[in-house]
Amino acid sequence: MRYWLMKSEPDAFGIDDLAARPGQTEPWDGVRNYQARNMMRDDMQPGDQILFYHSNCNPPGIVGIAEVARAAYPDHTAFDPDAKYHDPKSDPANPRWYMVDVRYVRHLRRQITLAELKAHADGALQDFPLVRRGNRLSIMPVEPAQWDFILGLEGP
DNA sequence: GCCAACGTTGGC
DNA sequence: GCCAACGTTGGC
C-alpha cells in the first residue's frame, strides 16, 4: 500500500463534498498533467491512502483522509466536447488521461495548514514536494515516514 | 488581484 | 532539439 496527497479546490470539490457520499466512490477526473497522470495510472492501487488537501483557499492545508477505491481507468470527461477539461487529442481508442475512484475515510480532527507543514521544511518534511518552492503537482507521493509525521501533527 | 514558478506549445 | 511565448497553478 502506498500513500499520496491529492489537491482539490474546496470551491469545486472539497472534503465535505466527498464526506456527503459515505461509502460511495467518487471519480477523480480532470487531471491534465503528465506527471500526475503517470502516478495515478502506474502506481495507484485500491486501498492506497490519500491526504486530502485544500488548495486555492485560506488557509490551504490538509483537511482529511481518503482512499483509492478503483485503479486508474480512462478519464472519459476528456472525450466530451462540453466538459470543462475536454481534450481533443484524447479519444476512447487512445485515451491520454486517466482517473481513479476515491472514497471518503475521515476528516482530520483539525486542519493541518500549509504554513504548519512548511515549518518542517528543513526537518521531517525536507523531501516533501508540497513544502518545496514552486511546487505545482496536484498529486504527489507521500513517504510512510512523512505520512506518520504529518498525522502526528494532528494531535489527539 | 498579483505574480513567481513551472509546464506546454510551436516556430525555427 | 532549442527556446520564447503563453497559459496555468496556487500562495499570498
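Just so it is clear: in the first sequence, position 124 is 124 by the UniProt record's numbering, and no numbers are missing. We put the CB at the ideal spot given by N, CA and C, even for glycine.
Is residue i buried or exposed, if buried means 16 or more other CB atoms sit within 10 Å of its CB?
i	result
Pro88	exposed
Ala72	buried
Arg41	buried
Met1	exposed
Pro59	exposed
Gly61	buried
Say yes only if the C-beta of residue i is nearer than 6 Å to one or more non-hydrogen atoms of the ligand GDP, and no if none qualify.
i	result
Pro59	Looking for the ligand GDP in the displayed structure turns up nothing, as the structure carries no ligands at all.
Based on Cα-Cα distance, which residue from the options lies nearest to residue i?
i	options	result
Gln146	Arg21, Gln35, Leu51	Leu51
Glu9	Cys57, Met1, Pro81, Phe149	Cys57
Gly47	Ala12, Tyr34, Arg37, Tyr104	Tyr104
Leu117	Gly152, Asp80, Asn33, Ala12	Gly152
Asn33	Asp75, Ile150, Ser138	Ser138
Arg37	Pro156, Met140, Ile150	Met140
Gln49	Arg106, Leu125, Pro27	Arg106
Thr113	Tyr85, Pro22, Ile150	Ile150
Gln45	Gly61, Val100, Thr25	Val100
Gly155	Gly14, Arg110, Ala121, Ala124	Arg110
Asp43	His86, Tyr98, Thr25, Ala115	Tyr98
Ala12	Ala115, Gln35, Ser55	Ser55
Are residue i and residue j closer than 7 Å when you measure CB to CB?
i	j	result
Val31	Ala69	no
Val142	Tyr53	no
Asp91	Asp29	no
Leu5	Val63	no
Ala121	Val131	yes
According to DSSP, residue i sits in a beta bridge with which residue or residues?
i	result
Gln49	Tyr3, Glu67
Asn38	In the DSSP output, where bridge partners are listed per residue, Asn38 has none listed.
Thr25	Arg103
Val142	Tyr3
Ser8	His54
Pro74	Tyr98
Ile112	Ile62
Pop quiz: residue i and residue j are said to be a contact at Cβ under 8 Å. What is the actual Cβ separation, rounded to whole angstroms?
i	j	result
Leu18	Ala66	6 Å
Arg96	Ala83	The Cβ separation is near 14 Å, so there is no contact.
Pro129	Asn135	5 Å
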